[in-house]
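Reading through the structure tokens given below for one structure.
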Amino acid sequence: MLQSKLFPGSLKENPKDEVSVSAKYLIRAGFIDKLMAGVYTILPLGWKVLHKIEDIIREEMDAIDGQEVLMPSLSPQENWRKTADRLNKIDVLFEARGANKESRRRNDATYVLSCTHEDIITPLAKKMKFSYKDFPLALYQIQAKFRNEARAKSGILRGREFRMKDLYSFHRSPEGLKKFYEKSKGAYANVFERLGIGADTHITLASGGDFTKDYSHEFQTECEAGEDLVFKVKSSGVCYNREITPSQASEFKVKEGLKEMELVKGEGVISVQELIKFLKIDIERTTKTLVYETDQGDFLLVAIRGDYEINEEKLCKVAGVERIWLAEAKKVKKLTGAEVGYIGVLNVPKKVKLFMDDSLRGRVNFEAGANKTNYHAVNVNFGRDLEEPKEFYDIKTAKEGDIFPETGEKYEVFKGSEVGNIFPLNTKFSEAFDYRYTDKDGSKKIVYMGSYGIGSTRAMGVIVEKLHDDKGIIWPEAVAPFKVHLISIGENEKAQELYEKLQTKGVEVLFDDRDMSPGGKFAEADLIGCPYRVVISAKTLEKGKIEVKKRNDDKIEFLNEEELLSKIK
RNA sequence: CGGGGCAUAGUAUAGUGGUAGUACAUACGCUUUGGGAGCGUACAGUCUGGGUUCGAUUCCCGGUGCCCCGACCA
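Using my numbering, read the first sequence as starting at 57 and increasing by one per residue.
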């Protein structure tokens, strides 16, 4: 490729609105262009890289017997109603319909812009594969996905439209699913290894979300621009996504005798932050108490140390319910006799179920709401002022400094960007679409499914986040837009000749044939980040050699043409 | 969803109730060629709807969009 012909060709100003390194470099170097928040055009350089990333993904999916298909982005609402009304439950779902009167006059249907394809592929498979001989079956596609993210940010790390590989597997039994699921982990590890981010990508246990009660597995690449917090158990290497990290609170121990409990009037003092200023105590002494209502019609009184937040998903599990929500102020008052803000673990009404987080364990002289409006109790102690519960629960959102309960070691915490995610769907979607196969003995049996995603555009961003220096991107060879960036300084035929020779050999070359100062060419080559920089100038011609430098190495070599051609294949 | 900021040329920005300036980019010419070259010439701009006003890019109100922080995020 002649750089003089490359679109867009010249550099953009540094986009100062962008915060993430990947967005800055990719935009400035002309790999992507922003249309609007979370929506990007992939330009020729970027498309070359994305192709390579996706081809690597294809090879690895093919290796586990995936067959590539391409499903539509537009889909009928009907499919999304069948699966437990995902049409109304998925809060990032987009719809598409005629944009104007005339268009709607012709066809007034409303479609879904797919954010994932379980709801499309399950009926597709059901239509065609229903004998036990047909399984296992794995289908995948690489395609644009649409998600109405509350906040798109960090360039292509989190977009509203993005490309993703999604594979769906179908099995006769849980064992079959399990076997394939484990195989997919290996395929994913290969993908990230080949993309050059393998060492920093950790398989991480995460919530199955709506999909499944089991854990799902995320592939989290350690990276500052990442949006997830990952907790790693050092001794075993096991990683947890923050949302499900089992956590034991960091200890808060003070050596002091039990003090007299007293009620302190603090009108309008409600939040923990106000409370610690008002009472002049450590935040760890405070107690946050909330009342939840459950789908079973129960009320839960939930207490946690002031420096923690409640994790509602954990709470659901502990309480054995599907759904909870904060009870309305009116109901709270009726139940506890106190306004929201003054409820607490003292004088708990009989009707509520009490759940105390383990962060409350072992504290002395702590603060707690008194279930009396405008009053807070201080120097509260278990055993004297209230009964110590038989059991403390883990219902908090983990935070830095927390301890892995099983071994007592402190977690290593890092930010991660989720480049892949795999889900054991089990029978969620096959039940919804009544997808059964006929077994050997003629009986009908339910199909087991898994789904497996890799965000290819996000992966491209993450590669840049990991592999760059202050001058620009350092692409791994496997995904670099070109292997060689050939630069001619001054006009010379030799460069043109070498360009043609390399091309004939099948080496991908970006040839900077522009009339520009050497400094400018070098700076741009560093920014674009091809693995090899080859320079031909009056200086090298004099020596009868060709200058070669690797992007990730400061060493400059002078080779003759033969040496060069055998070095770069 | 809450809080904050912004919208002027292709890009980045300055400024003004009456005539909008600079840099980069682009085009042309001359010079220049090992770490973002120089000189000259040319081209090119006030997000949108309404209001106030003789007159609005500027002031006021709405809309749209963008950025940041937080919440959320299968």
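Even glycine gets a Cβ: it sits at the ideal position worked out from N, Cα and C.
Roughly how far, in whole angstroms, is the beta-carbon of residue i from the beta-carbon of residue j, given that I think they are within contact range, below 8 Å?
i	j	result
residue 403	residue 421	Between residue 421 and residue 403 the Cβ distance is about 19 Å, and since that is not below 8 Å, they are no contact.
residue 360	residue 413	4 Å
residue 286	residue 260	5 Å
residue 282	residue 471	4 Å
residue 544	residue 568	7 Å
residue 247	residue 116	5 Å
residue 155	residue 167	Their Cβ separation, rounded to whole angstroms, is 12 Å, which puts residue 155 and residue 167 out of contact at 8 Å.
residue 165	residue 120	About 37 Å; that fails the 8 Å criterion.
residue 445	residue 410	7 Å
residue 187	residue 521	No, residue 187 and residue 521 are not in contact; Cβ-Cβ is about 46 Å, not under 8 Å.
residue 81	residue 530	The Cβ separation is near 10 Å, so there is no contact.
Is the distance from the Cβ of residue i to the Cβ of residue j below 8 Å?
i	j	result
residue 435	residue 318	yes
residue 519	residue 535	yes
residue 263	residue 478	no
residue 339	residue 328	yes
residue 94	residue 217	yes
residue 232	residue 192	yes
residue 577	residue 621	no
residue 463	residue 289	yes
residue 137	residue 143	yes
residue 416	residue 343	yes
residue 449	residue 374	yes
residue 399	residue 427	yes
residue 76	residue 211	yes
residue 277	residue 482	no
residue 83	residue 97	no
Report the rounded CA-to-CA distance for residue i versus residue j, giving the unit in angstroms.
i	j	result
residue 296	residue 512	23 Å
residue 182	residue 490	8 Å
residue 393	residue 345	14 Å
residue 323	residue 205	40 Å
residue 585	residue 103	15 Å
residue 538	residue 213	23 Å
residue 473	residue 332	35 Å
residue 196	residue 309	54 Å
residue 614	residue 540	15 Å
residue 362	residue 169	42 Å
residue 239	residue 432	56 Å
residue 135	residue 175	6 Å
residue 495	residue 139	25 Å
residue 190	residue 251	33 Å
residue 99	residue 63	7 Å
residue 185	residue 177	12 Å
residue 553	residue 74	40 Å
residue 70	residue 244	34 Å
residue 560	residue 284	46 Å
If you compare alpha carbons, which of the options is closest to residue i?
i	options	result
residue 467	566, 576, 458, 153	458
residue 148	158, 231, 496, 203	203
residue 351	218, 378, 602	378
residue 275	150, 242, 476, 307	476
residue 179	132, 538, 448	132
residue 369	293, 616, 453	453
residue 485	496, 504, 309	504
residue 348	69, 595, 451	451
residue 306	343, 481, 465	465
residue 372	608, 355, 144, 386	355
residue 589	606, 301, 524	606
residue 61	591, 608, 566	566
residue 381	397, 389, 357	357
residue 105	595, 532, 547, 559	532
residue 407	101, 424, 387	387
residue 208	70, 291, 91, 389	91
residue 562	401, 596, 625, 86	625
Report buried or exposed for residue i, applying the criterion of at least 16 other Cβ atoms within 10 angstroms of its Cβ.
i	result
residue 220	buried
residue 228	buried
residue 582	buried
residue 198	buried
residue 516	buried
residue 226	buried
residue 612	exposed
residue 460	buried
residue 222	buried
residue 236	buried
residue 230	exposed
residue 108	buried
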